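**Q**
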Amino acid sequence: MKRLPPLLKTVTLTLLLGGSPLFSPAVVAQSGGSATLLYTVKAGDTLYRIATERGLKPEDLLRINGLATPTLSVGQTLKLPSGTSGSAPAASSAAAPAPTPPAATQKPSPAPKPVQSASPAPDAPASSAFGSNVIAGVTVRAPARLKMGDGFVLRLSGEKAGEAVVSFPSEVGEDVRKPAEPLTPIGAAGEFQVLGRVVLGKTTPLVYTVKVGTDVLRGSIPVSGLDQPIQHLTLAKSLTDRLTAPSRPLEEKVVEAAYALRTPQAWSRPFAAPLTTKSVSSSFGQPRTYLAGGPVLYHYGMDFPAPVGTSVRAVNDGRVVIAATYPVRGGLVAIDHGAGLVSLYFHQSKLLVKVGQRVTRGQIVGQVGTTGLSAGPHLHLEMRVRGEATLPTEYFNRLWP
Ligand SMILES: [Zn+2]
Numbered sequence: 014m015k016r017l018p019p020l021l022k023t024v025t026l027t028l029l030l031g032g033s034p035l036f037s038p039a040v041v042a043q044s045g046g047s048a049t050l051l052y053t054v055k056a057g058d059t060l061y062r063i064a065t066e067r068g069l070k071p072e073d074l075l076r077i078n079g080l081a082t083p084t085l086s087v088g089q090t091l092k093l094p095s096g097t098s099g100s101a102p103a104a105s106s107a108a109a110p111a112p113t114p115p116a117a118t119q120k121p122s123p124a125p126k127p128v129q130s131a132s133p134a135p136d137a138p139a140s141s142a143f144g145s146n147v148i149a150g151v152t153v154r155a156p157a158r159l160k161m162g163d164g165f166v167l168r169l170s171g172e173k174a175g176e177a178v179v180s181f182p183s184e185v186g187e188d189v190r191k192p193a194e195p196l197t198p199i200g201a202a203g204e205f206q207v208l209g210r211v212v213l214g215k216t217t218p219l220v221y222t223v224k225v226g227t228d229v230l231r232g233s234i235p236v237s238g239l240d241q242p243i244q245h246l247t248l249a250k251s252l253t254d255r256l257t258a259p260s261r262p263l264e265e266k267v268v269e270a271a272y273a274l275r276t277p278q279a280w281s282r283p284f285a286a287p288l289t290t291k292s293v294s295s296s297f298g299q300p301r302t303y304l305a306g307g308p309v310l311y312h313y314g315m316d317f318p319a320p321v322g323t324s325v326r327a328v329n330d331g332r333v334v335i336a337a338t339y340p341v342r343g344g345l346v347a348i349d350h351g352a353g354l355v356s357l358y359f360h361q362s363k364l365l366v367k368v369g370q371r372v373t374r375g376q377i378v379g380q381v382g383t384t385g386l387s388a389g390p391h392l393h394l395e396m397r398v399r400g401e402a403t404l405p406t407e408y409f410n411r412l413w414p
């Protein structure tokens with residue numbers, strides 16, 4: 014459990030003011046001999062329009078990107094086949110400025126900028142939320158800006174990308190598990206990724222380093238806060254007693270063991286929502302007190318209200334590492350997806366999987382309930398990157414957050 018720094022109380026929504034991108038947008042990733050264009054989805058984009066403007070069939074775009082549905086989210090990166098660049102006049106995206114996203118999406122939509130790239134620049138879509146830099150022949154692409162609680166991905170491409178070692182030195186001194194852990198990118202064929210996380214409470218820039226041989230690239234990404242007032246919960250004593258239940262240390266021990274797992278990436282398709290319902294009752298990152306005068310804690314997950322008995326589905330492929338009932342989390346399932354990513358499903362009335370079991374995306378793992386520290390039937394979903402909570406909805410319909 015983490016205390017909220019007093020600073021947060023004065024933080025306003027600085028998301029759209031969070032400084033300019035540190036790197037010039039780049040859109041080229043070399044994979045073998047052929048170039049793949051990358052396009053970052055802007056507010057107002059549809060898969061159909063992105064495809065047809067480039068003379069592509071929408072179904073081909075779905076296939077190339079391994080998408081199950083045409084639903085796109087702002088900031089999502091799409092691969093476009095090489096050779097389509099000529100049919101994507103940069104003028105068309107520049108002439109139609111992206112509408113400002115609704116504040117609720119909390120995603121910046123940078124204005125289109127001219128492409129500046131060391132490599133021969135294709136006439137590619139001009140807007141990208143990513144910046145890039147090159148080290149020892151490895152192209153490193155990072156988000157231009159982040160907000161606290163974001164999960165994100167650093168993309169490394171090039172022949173030696175698999176030999177890189179990535180770490181996040183700005184984590185040293187922060188309230189995170191295993192700060193600045195040396196991370197080996199995962200992937201194949203010259204395209205590699207490393208998952209990153211911005212701990213809740215952080216608003217200082219996130220610093221990353223990429224080492225390839227003796228070369229070191231250091232980058233910095235501005236981070237903004239979440240504008241959420243502290244919510245003071247008044248819970249029945251029978252509920253708050255759960256915070257001090259005798260089996261609480263065991264509950265934390267089991268969960269920490271899941272956070273410490275570093276297994277190979279188990280998924281190859283985009284993530285899916287755990288319930289069919291779209292309604293969300295309590296947002297991720299909400300600062301809360303559970304006891305009058307008690308410490309302020311963040312809400313590390315997202316709540317999905319649903320009737321008791323509603324099927325809870327795995328958000329992606331993985332292995333069940335927890336399936337038991339605990340005082341605070343109630344009926345809990347945790348799935349290790351590999352790559353340091355674990356999803357957790359709280360408060361279930363019924364658990365339908367066992368520890369060690371392999372599950373696939375969409376497979377039913379249990380049923381919604383109101384067990385543990387819960388005031389009504391709902392699913393609380395957490396997406397933890399190396400133990401730190403990240404915004405769950407950023408994963409849905411995407412291969413990476
Ligand atoms: Zn919750």
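Each residue of the sequence shown is one higher than the one before, counting from 14 in my numbering.
Each residue gets a CB set at the ideal place from its N, CA and C atoms; glycine is no exception.
Here the structure is a predicted model, which means the values were calculated and not measured.
Would you call the region 331-349 in contact with the region 359-376, where contact means no fewer than 3 C-beta pairs closer than 8 Å?
**A** yes
**Q** Any heavy atom of ligand 1 closer than 7 Å to the CB of glycine 379?
**A** no
**Q** In the DSSP output, which residue or residues are listed as bridge partners for leucine 91?
**A** Tyr52
**Q** If I'm right that valine 207 touches proline 198 with Cβ under 8 Å, what's the distance once you round it to whole angstroms?
**A** 5 Å
**Q** Counting C-beta neighbours from all protein chains within 10 Å, is the total for proline 277 16 or more, i.e. buried, or is it exposed?
**A** exposed
**Q** DSSP three-state call for valine 412: helix, strand or coil?
**A** One detail in the question is off: residue 412 reads as leucine in this sequence, not valine. If DSSP states are grouped into helix, strand and coil, leucine 412 belongs with coil.
**Q** Give me the residue from Ser324, Thr216, Asp254 with the minimum Cα distance to leucine 392.
**A** It is Ser324 whose Cα lies nearest to the Cα of leucine 392.
**Q** Three-state secondary structure (DSSP) at valine 341?
**A** coil
**Q** Distance, Cα to Cα, histidine 312 vs leucine 394?
**A** Distance between the alpha carbons of histidine 312 and leucine 394: 11 Å.
**Q** With a Cβ-Cβ cutoff of 8 Å, do glycine 298 and leucine 354 count as a contact?
**A** no
**Q** Would the beta-carbon of glycine 298 be found less than 7 Å away from any heavy atom of ligand 1?
**A** no
**Q** Where do the ends of the alpha helix (DSSP H) carrying leucine 263 lie?
**A** 261-272
**Q** Just to confirm my understanding: we take valine 185, look at its own chain, exclude 5 residues before and 5 after, and list those with CB closer than 6 Å. What are they?
**A** Pro192, Ala193
**Q** Can you tell me whether histidine 245 sits near ligand 1, meaning its C-beta is under 7 Å from at least one heavy atom of the ligand?
**A** no
**Q** State yes or no: is the C-beta of glycine 164 within less than 8 Å of the C-beta of arginine 210?
**A** yes
**Q** By how many angstroms is the C-alpha of glycine 389 removed from the C-alpha of lysine 160?
**A** Each residue's Cα considered, the two are about 30 Å apart.
**Q** Grab me the residues of leucine 246's own chain with a C-beta within less than 7 Å of its C-beta, minus the 5 sequence neighbours each way, in chain order.
**A** Arg301, Thr302, Tyr303
**Q** With DSSP collapsed to three states, give me the class of arginine 282.
**A** coil
**Q** Mind checking which residues open and close the beta strand (DSSP E) that includes threonine 289?
**A** Premise fails: threonine 289 is in no beta strand (DSSP E) and is neither H nor E.
**Q** By alpha-carbon positions, which one of Thr90, Pro308, Leu196 ends up nearest to alanine 352?
**A** Minimum Cα-Cα distance from alanine 352 among the listed residues Thr90, Pro308, Leu196 corresponds to Leu196.
**Q** Closest to threonine 253 by C-alpha separation, out of Arg67, Pro340, Val220, would be which residue?
**A** Pro340
**Q** Quick one: any contact between the region 315-333 and the region 367-380, if contact means 3 or more CB pairs under 8 Å?
**A** yes
**Q** Let's see if you can read the secondary structure: which residues bound the beta strand (DSSP E) around serine 356?
**A** 354-361
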